[in-house]
Amino acid sequence: MSEEKQTPEQEAEVEAQEEAVQADTEEVAHDEQSAFQEKIDELQQLLDEKENKILRVQADFENYKRRARTEVETVQKYRSQHVVSDLLPALDNFERALGIDPDNEQAKSLLEGMQMVYRQLVEALKNEGVEPIEAVGKEFDPNLHQAVMQVEDENFDSNIVVEELQKGYKLKDRVIRPSMVKVNQ
-7 MSEEKQTPEQ EAEVEAQEEA VQADTEEVAH DEQSAFQEKI DELQQLLDEK
43 ENKILRVQAD FENYKRRART EVETVQKYRS QHVVSDLLPA LDNFERALGI
93 DPDNEQAKSL LEGMQMVYRQ LVEALKNEGV EPIEAVGKEF DPNLHQAVMQ
143 VEDENFDSNI VVEELQKGYK LKDRVIRPSM VKVNQ
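Under our numbering, the first residue of the sequence shown is numbered -7, with each subsequent residue one higher.
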C-alpha cells in the first residue's frame, strides 16, 4: 500500500477538525463538570439545612428535658403543700388551746399531753420544710404579711408590724399562708 501524502490544505483541514473535536470535547466536559458542581452545591445546601434542623431539634429536646427536670424538682419540693395547708388550722387551734390556764390537775395533765402532740406536729412540719414567718417588729412586707389593721403606736416606727393576729407559714421558699398582722402607720 502506498501512503498518500496529504497536502497542506488537507493537513490544515484535519487539524481544524481535530481542534473542533477537541473544543467540543472540552466544552462537553466543562458542561458536565458545571452540572456536577451545581448538583454538588445543591446537595451540600440540602445537607447543611438538614444538619441545622437536627441541631435545632437536639436543642429543643435538651430544653424540654431541662424544663421537665425542673418541673419534677418543683413538684417534689412542694409535694406536701396541700397537706400542710390543711394542717395549719389544726395547728392554730392547738396554739389557742395551749393558751388556756388550767385550773386543776386533770386540766394540767391534759395540757401537757397537748403540748407534746403540738411539739411533735411542729417538728414534723419543720422536717417537711415548713417554718413560721417572722412578723412582730419586722417591716411590713406584702409578700409575707396581710395587714388587717392599722394602729398608731409611738413605740414603733412607721410600717412596722405591731402584732401578729394569725401566724403565717412558708414551705421552703414559698409562702403558704401570709401572717395576718396589725401595722403601725
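For each residue, glycine too, the CB sits at the ideal point set by N, CA and C.
Quick caveat: nothing in here was measured; it's all calculated off a predicted structure.
Query, Result
"Using the Cα positions of Arg166 and Thr62, report the straight-line distance between them to the nearest angstrom.", "16 Å"
"How about Gly160 and Ala127: are their beta carbons less than 8 Å apart?", "yes"
"Per DSSP, what kind of secondary structure is Ala82 in: helix, strand or coil?", "helix"
"Go through its chain and collect everything with a Cβ distance to Ser77's Cβ below 8 Å, but skip five positions before and after it.", "Ile168 and Arg169"
"Using a threshold of 8 Å, state whether the C-beta atoms of Val175 and Asn151 are closer than that.", "yes"
"Beta-carbon within less than 6 Å of Ser72's beta-carbon, same chain only, minus the 5 sequence neighbours each way: which residues are those?", "Glu120"
"Taking 8 Å as the threshold (C-beta atoms), are Lys130 and Val109 in contact?", "no"
"Going by DSSP in three states, Arg169 sits in which element: helix, strand or coil?", "strand"
"How many Å lie between Asp84 and Pro124 at the Cα?", "12 Å"
"Once the 5 residues before and after Gln50 are set aside, which same chain residues still bring their CB inside 8 Å of it?", "none"
"Assuming Ser171 contacts Glu156 (C-beta within less than 8 Å), just tell me the rounded distance between them.", "5 Å"
"Apply the 10 Å Cβ neighbour rule to Leu47 and answer buried if 16 or more other Cβ atoms are within range, or exposed otherwise.", "exposed"
"Measuring only between beta-carbons, confirm whether Ala116 sits less than 8 Å from chain D.", "Included in the structure is just one protein chain, with no chain D present."
"Within a Cβ cutoff of 7 Å, which residues of the same chain sit near Ala89, ignoring the five residues on either side of it in sequence?", "Met106"
"Which of the three DSSP states is assigned to Ser(-6) in this structure?", "Residue confidence is low: Ser(-6) scores 43 on pLDDT, short of 50, so the model does not pin down where it sits. No coordinate-derived value is stated."
"According to DSSP, is Pro0 helix, strand or coil?", "helix"
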